[in-house]
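This report refers to the structure that appears directly beneath it.
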Amino acid sequence: MTTTSAASTGTAALHPRIQELIDYIDVHRRVLRDAVASVPEKMREIKPADGSWSVAEVVEHVSMIEQRIAALVTMHVTAARASGVGPDPDTSSVVASFANPGQLIDRGTKIVAPKPVVPTGTLDAKAGVVALEQSRAAMVASLHNANGVSLENLVQTHAVLGPRNLYHWIVATALHDDRHAAQIRELGKSLVVS
């Protein structure tokens with residue numbers, strides 16, 4: 061068996077924190093995909109009687125959020141790199157340092173989506189899943205681009221969480237998947253009952 065090292069391919073090894081984030085968002089995206097798969101295809105575009113989002117709209121919303129955060133990371137990293145910000149000397153877990161993850165996952169606390177990330181309703185569930193794949197590719201690309209730049213002091217205010225560094229923005233993205241996976245499972249159960 062032949063192994064290929066980062067040095068032999070001309071690519072830099074990923075910083076442990078960047079790799080941790082890529083792995084973390086991947087695990088949480090699987091939870092979201094499983095939730096979507098748990099709802100029969102014919103029911104994924106049905107809006108509940110209470111007017112809340114359909115599965116297709118939830119998926120569209122998640123992809124919109126992730127695209128925006130990937131662009132935010134790219135913008136901040138580009139500026140930081142240009143101003144001389146280098147690699148993060150810390151390799152400790154950024155996931156473990158995220159305070160109160162339950163705040164995002166708790167479906168008992170309603171969070172109203174800002175207008176720019178309210179789903180348009182123009183995507184069916186299949187197109188929404190494609191949009192999720194595209195937003196995930198953009199996020200992973202933004203994280204690869206961030207390799208070699210510390211995200212610790214790159215801070216942006218989050219509408220719900222307040223000021224957070226970009227590491228924590230990525231953790232929040234994964235938790236956002238969990239929140240909406242729970243919403244989709246709830247929605248699936250309500251559609252089967254009605």
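Here the sequence shown is numbered in the numbering used here, starting from 61 and rising by one per residue. We put the beta carbon where it would ideally sit given N, CA and C, even for glycine.
- Distance from the CA of Val231 to the CA of Pro76, rounded to the nearest whole angstrom, comes to 14 angstroms.
- The beta-carbon separation of Ser250 and Gly146, rounded to 50 angstroms, does not stay under the 8 angstroms limit for a contact.
- Residues of the same chain with a CB within less than 8 angstroms of the CB of Ala219, apart from the 5 flanking positions on each side, are Pro174 in chain order.
- Comparing C-alpha distances from Val189 to each of Leu74, Glu212, Gln163 and Val115 shows the shortest one belongs to Val115.
- DSSP places Asn225 inside the beta strand (DSSP E), whose first and last residues are Gly222 to Asn225.
- With the rule of 3 Cβ pairs closer than 8 angstroms, the segment 156 to 173 does not count as touching the segment 96 to 104.
- Straight-line spacing of the CA atoms in Gly144 and Thr138 works out to 10 angstroms.
- A straight-line Cα-Cα distance of about 23 angstroms links Ser152 and Leu132.
- With 16 or more other CB atoms across the displayed protein chains lying within 10 angstroms of its CB, Thr233 is buried.
- Of the residues Val215, Ala191, Leu81 and Val154, the one whose Cα lies closest to the Cα of Ala140 is Val215.
- Annotation: Glu126 to Ala72 spans about 25 angstroms, alpha carbon to alpha carbon.
- By DSSP's assignment, His218 forms a beta bridge with Gly222.
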